[in-house]
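**Q**
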Amino acid sequence: MNILRPALLGLLTLLALASSAQDAPAPLPPLPTPHQVAWQQMETYAFIHFGPNTFTDREWGYGDAPASCFNPTHLDCEQWARTLKAAGMKGVILTAKHHDGFCLWPSKYTDYSVRNSPFRDGQGDVVAELAAACRKHGLKLGLYLSPWDRHQASYATPLYVEYYHAQLQELLTGYGPLFEIWFDGANGGDGYYGGARETRHIDKRTYYDFPRAHKLAFALQPQIIIFSDGGPGCRWVGNEQGHAAATNWSFLRQQEVYPGYEQHQELTTGHTDGNAWVPAECDVSIRPGWFYHQQEDQQVRTPDNLVDLYYQSVGRNATLLLNFPVDRNGLIHPTDSANAAAFHQRIARELGDNLLTRATIHASHQRGKAFPVSALADDDYDTYWATPDGVTSATLTFTFRRTQSVNRLLLQEYIPLGQRVAQFVVEYQSGRQWLPVDPREETTTIGYKRLLRFPTVRTRSLRVRFLESRGPICLSAAGLFFAL
Ligand code: FUL
Numbered sequence: 009m010n011i012l013r014p015a016l017l018g019l020l021t022l023l024a025l026a027s028s029a030q031d032a033p034a035p036l037p038p039l040p041t042p043h044q045v046a047w048q049q050m051e052t053y054a055f056i057h058f059g060p061n062t063f064t065d066r067e068w069g070y071g072d073a074p075a076s077c078f079n080p081t082h083l084d085c086e087q088w089a090r091t092l093k094a095a096g097m098k099g100v101i102l103t104a105k106h107h108d109g110f111c112l113w114p115s116k117y118t119d120y121s122v123r124n125s126p127f128r129d130g131q132g133d134v135v136a137e138l139a140a141a142c143r144k145h146g147l148k149l150g151l152y153l154s155p156w157d158r159h160q161a162s163y164a165t166p167l168y169v170e171y172y173h174a175q176l177q178e179l180l181t182g183y184g185p186l187f188e189i190w191f192d193g194a195n196g197g198d199g200y201y202g203g204a205r206e207t208r209h210i211d212k213r214t215y216y217d218f219p220r221a222h223k224l225a226f227a228l229q230p231q232i233i234i235f236s237d238g239g240p241g242c243r244w245v246g247n248e249q250g251h252a253a254a255t256n257w258s259f260l261r262q263q264e265v266y267p268g269y270e271q272h273q274e275l276t277t278g279h280t281d282g283n284a285w286v287p288a289e290c291d292v293s294i295r296p297g298w299f300y301h302q303q304e305d306q307q308v309r310t311p312d313n314l315v316d317l318y319y320q321s322v323g324r325n326a327t328l329l330l331n332f333p334v335d336r337n338g339l340i341h342p343t344d345s346a347n348a349a350a351f352h353q354r355i356a357r358e359l360g361d362n363l364l365t366r367a368t369i370h371a372s373h374q375r376g377k378a379f380p381v382s383a384l385a386d387d388d389y390d391t392y393w394a395t396p397d398g399v400t401s402a403t404l405t406f407t408f409r410r411t412q413s414v415n416r417l418l419l420q421e422y423i424p425l426g427q428r429v430a431q432f433v434v435e436y437q438s439g440r441q442w443l444p445v446d447p448r449e450e451t452t453t454i455g456y457k458r459l460l461r462f463p464t465v466r467t468r469s470l471r472v473r474f475l476e477s478r479g480p481i482c483l484s485a486a487g488l489f490f491a492l
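Just so you know, we're using the working numbering here: the sequence shown kicks off at 9 and counts up by one.
#1: By DSSP, does Y53 sit in helix, in strand, or in coil?
#2: So, at 7 Å on beta carbons, what are the nonlocal neighbours of S125 in its own chain, with the 5 sequence-adjacent residues on each side left out?
#3: Is it the case that the CB of G193 approaches a heavy atom of ligand 1 more closely than 8 Å?
#4: Around the Cβ of G376, are there at least 16 other Cβ atoms within 10 angstroms (buried) or fewer (exposed)?
#5: Return the first residue and the last residue of the alpha helix (DSSP H) that K93 is part of.
#6: Considering only their Cβ atoms, is the gap separating Y456 from S321 smaller than 9 Å?
#7: Would you call F413 buried or exposed, if buried means 16 or more other Cβ atoms sit within 10 Å of its Cβ?
#8: Using a 10 Å radius around the Cβ and a threshold of 16 neighbouring Cβ atoms, would you call A29 buried or exposed?
#9: With 16 as the cutoff for other CB atoms within 10 Å, does S293 come out buried or exposed?
#10: So, is Q175 buried or exposed, given that buried needs 16 or more other C-beta atoms within 10 angstroms?
#11: Along the chain, where does the alpha helix (DSSP H) containing Y168 start, and where does it finish?
#12: Spell out the partners DSSP gives T2 in its beta bridges.
#13: Can you name, in chain order, every residue of its own chain whose Cβ lies under 7 Å from the Cβ of G197, other than the five neighbours on each side?
#14: Report the three-state DSSP secondary structure of Y152 (helix, strand or coil).
#15: Taking the Cβ atom as the reference point for each residue, do T453 and A288 lie within a distance shorter than 9 Å?
#16: Give me, in chain order, the residues of the same chain whose beta-carbon lies closer than 7 Å to that of H373; leave out the 5 immediate sequence neighbours on both sides.
#17: Roughly how many whole angstroms lie between the Cα atoms of P444 and R410?
#18: Regarding T276 and ligand 1, is the C-beta to nearest heavy atom distance less than 8 Å?
#19: If we call anything under 9 Å between Cβ atoms a contact, is E67 one with F299?
#20: As an exercise, report each continuous beta strand (DSSP E) stretch of at least 3 residues that is fully enclosed by the region 424 to 448, in chain order.
#21: Between which two residues does the alpha helix (DSSP H) harbouring S321 extend?
#22: Which stretch, first to last residue, makes up the beta strand (DSSP E) that contains T64?
#23: Is W68 near ligand 1, in the sense that its beta carbon is under 8 Å from a heavy atom of that ligand?
#24: Can Y456 be considered in contact with ligand 2, in the sense that its beta carbon sits closer than 8 Å to one or more heavy atoms?
#25: Could you have a look at L275 and say whether DSSP puts it in helix, strand or coil?
#26: For ligand 1, any of its heavy atoms closer than 8 Å to the Cβ of D291?
#27: Can F406 and A491 be called in contact, C-beta distance under 9 Å?
#28: With the cut-off set at 9 Å, would you say F58 and L112 are in Cβ contact?
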């Protein structure tokens with residue numbers, strides 16, 4: 009008996025483990041990688057457009073501006089980093105090379121770089137300075153390497169493809185971990201091309217050999233999120249206005265989407281029946297242009313406008329990639345800094361006090377002890393409330409001790425198990441009636457994060473009725489807030 013006992017205990021433990029593992033809802037593909045989940049949790053990060061265009065007052069350099077025009081006299085990447093931190097940004101993506109082909113790092117494959125500019129007497133490396141500032145200030149670094157290069161004579165020949173891949177390797181090996189690499193979709197057209205000054209066309213589906221570039225990127229930096237119109241890490245949201253659609257699936261039929269994909273609307277909503285996890289990223293500039301133009305100093309987005317963008321991007325299951333055009337001094341302009349910091353403070357204020365921490369939460373369906381409603385307001389993304397297998401509609405009811413003013417709702421699905429909810433409604437109790445709140449947008453998908461703003465209701469009770477889901481509902485977080 010004594011000999012059998014430990015064996016029996018072991019067996020019981022194994023059985024208990026097996027049954028609690030069985031308890032978790034089965035993952036519902038397509039699924040994110042852990043790196044995609046960590047990336048989505050960054051929520052907001054910055055873009056920096058900087059280069060010869062800053063000095064020539066252009067958006068798309070032709071590729072013929074002399075390297076000597078790049079001359080920021082007070083460049084200070086720590087000023088960028090401090091500004092971005094104050095704006096709540098978790099990382100920053102720099103245009104290491106834009107379409108004009110000029111390299112902000114001293115690439116050994118071209119003369120057209122900082123090496124031949126007056127910046128730090130040709131000894132400078134903007135990518136290295138930004139990487140150091142990011143390390144110091146706790147920001148993640150990402151890089152933009154434009155495939156289209158209007159400077160290189162070899163552009164549109166196989167030689168250029170080798171050049172492009174060699175530069176990619178330089179960036180992937182020289183500057184520490186990168187959280188994202190940006191392959192933009194503008195491709196081919198007229199340019200300087202080493203003096204040829206002509207129009208060149210390439211096949212945007214095949215020319216750059218992106219499968220090989222992806223392989224290289226994953227081999228050198230396994231955590232990297234590859235941005236392009238169709239991913240694979242994340243997708244363009246289909247507009248440069250900073251908003252995802254209210255209905256936003258993190259899925260794409262990946263075999264259909266390629267760089268330069270014309271069906272922009274599909275990228276705004278994702279493909280409901282997509283086979284790959286490719287979440288949306290909303291790239292938008294804090295000014296009308298991507299690059300700095302003095303005449304736009306009065307056109308910086310206001311804190312209010314940035315708050316709207318946040319709700320329409322992060323609040324609709326996307327990330328927000330907010331561009332700051334660095335000026336000719338090599339600094340972020342004070343108006344941009346002030347407005348971005350005020351935006352961040354507003355969001356922190358609006359969503360800082362989750363009223364659900366002081367409410368009772370009741371669920372119409374419970375999966376079991378491991379998936380309690382208390383997981384919804386515990387500030388831990390990795391715990392979640394779930395419904396039993398086969399239950400794809402359910403109601404969560406939130407009740408306060410006293411009447412409350414409420415005008416914001418937060419919902420978050422536990423995306424490591426997939427994106428599931430397809431339709432829900434939000435209602436509040438008024439006397440004996442349940443009336444809908446009015447968010448003025450569809451209440452369909454949730455995904456990693458959904459935020460709704462609605463005119464203030466005063467009530468003791470609100471509920472979310474989940475009407476349609478691809479499988480059992482798995483919700484990490486819920487929140488109710490009253491924003492003044
Ligand atoms: C586009 C580019 O053509 C713009 O200049 C800018 O860099 C934007 C973010 O991506 O494809």
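Using N, Cα and C, we set each Cβ at its ideal position, and we do this for glycine too. Every value quoted in this text rests on a predicted model; they were computed, and no experiment measured them.
**A** Reading it off the structure:
#1: One-based indexing of the sequence shown puts residue 53 at position 45. Y53 falls in the strand class under three-state DSSP.
#2: Within the sequence shown, residue 125 is the residue found at index 117, counting from 1. Here the set comprises A75, S76, F78, N79.
#3: Here residue 193 refers to the residue found at position 185 of the sequence shown. Because some heavy atom of ligand 1 lies under 8 Å away, the Cβ of G193 counts as near it: yes.
#4: The residue labelled residue 376 in the question sits at position 368 within the sequence shown. That one is exposed.
#5: Locating residue 93 in the sequence shown gives position 85, where the first residue counts as 1. Start and end: 85 to 94.
#6: Position 313 of the sequence shown, counted from the first residue, corresponds to residue 321. Position 448 of the sequence shown, counted from the first residue, corresponds to residue 456. No, these two residues do not count as a Cβ contact at 9 Å.
#7: Against the sequence shown, residue 413 aligns to sequence position 405. The residue you asked about is not Phe; residue 413 is Ser in the sequence shown. By the 10 Å Cβ count, S413 comes out exposed.
#8: As a first step, residue 29 is located in the sequence shown; it is residue number 21 there, counting from the start. Unreliable placement is indicated for A29, whose pLDDT of 47 sits below 50; the coordinate value is still reported in the next sentence. Per the 10 Å Cβ criterion, exposed.
#9: Here residue 293 refers to the residue found at position 285 of the sequence shown. Its Cβ being crowded by 16 or more others within 10 Å, S293 is buried.
#10: For the purposes of this step, residue 175 is taken as residue 167 along the sequence shown, with counting starting at 1. The residue in question, Q175, is buried, as its Cβ has 16 or more Cβ neighbours within 10 Å.
#11: As a first step, residue 168 is located in the sequence shown; it is residue number 160 there, counting from the start. Note, Y168: alpha helix (DSSP H), 166 to 182.
#12: Outside the shown range of the chain, which is 9 to 492, sits residue 2, and nothing can be said about it.
#13: Indexing the sequence shown from 1 puts residue 197 at position 189. Cβ neighbours of G197 beyond the five flanking positions: T207.
#14: Taking the first residue of the sequence shown as position 1, residue 152 is located at position 144. Residue state, collapsed to three classes: strand.
#15: As a first step, residue 453 is located in the sequence shown; it is residue number 445 there, counting from the start. As a first step, residue 288 is located in the sequence shown; it is residue number 280 there, counting from the start. Inclusion of T453 and A288 in the CB contact set at 9 Å is not warranted, their separation being larger than that value.
#16: Stepping through the sequence shown from its first residue, residue 373 is reached at position 365. Taking C-beta separations shorter than 7 Å and ignoring five residues to either side along the sequence, the partners of H373 in its chain run T395, P396, V399, A402, following chain order.
#17: As a working note, residue 444 is residue 436 in the sequence shown. As a working note, residue 410 is residue 402 in the sequence shown. One C-alpha to the other measures close to 20 Å.
#18: Along the sequence shown, read from residue 1 onward, the residue named residue 276 stands at position 268. T276 Cβ: outside cutoff for every heavy atom of ligand 1.
#19: By one-based count along the sequence shown, residue 67 stands at place 59. By one-based count along the sequence shown, residue 299 stands at place 291. Yes, these two residues count as a Cβ contact at 9 Å.
#20: 429 to 438, 441 to 444
#21: One-based indexing of the sequence shown puts residue 321 at position 313. Where S321 is concerned, the enclosing alpha helix (DSSP H) starts and stops at 311 to 321.
#22: Start at 1 with the first residue of the sequence shown, and residue 64 comes out as number 56. From DSSP, T64 is part of no beta strand (DSSP E) but of the alpha helix (DSSP H) over 60 to 64.
#23: Position 60 of the sequence shown, counted from the start, is the residue given in the question as residue 68. True, at least one ligand heavy atom lies under 8 Å from that Cβ.
#24: Absent from the structure shown: ligand 2. Ligands present: ligand 1.
#25: Reading the sequence shown from its first residue, position 267 is the one you call residue 275. If DSSP states are grouped into helix, strand and coil, L275 belongs with the helices.
#26: If you number the sequence shown from 1, residue 291 lands on position 283. For ligand 1, at least one heavy atom lies less than 8 Å from the Cβ of D291.
#27: On the sequence shown, position 398 is the one that residue 406 refers to. On the sequence shown, position 483 is the one that residue 491 refers to. It is not a contact, given that the beta carbons lie outside the stated cut-off.
#28: Here the question's residue 58 lines up with position 50 in the sequence shown. Here the question's residue 112 lines up with position 104 in the sequence shown. Cβ atoms of F58 and L112: closer than 9 Å.
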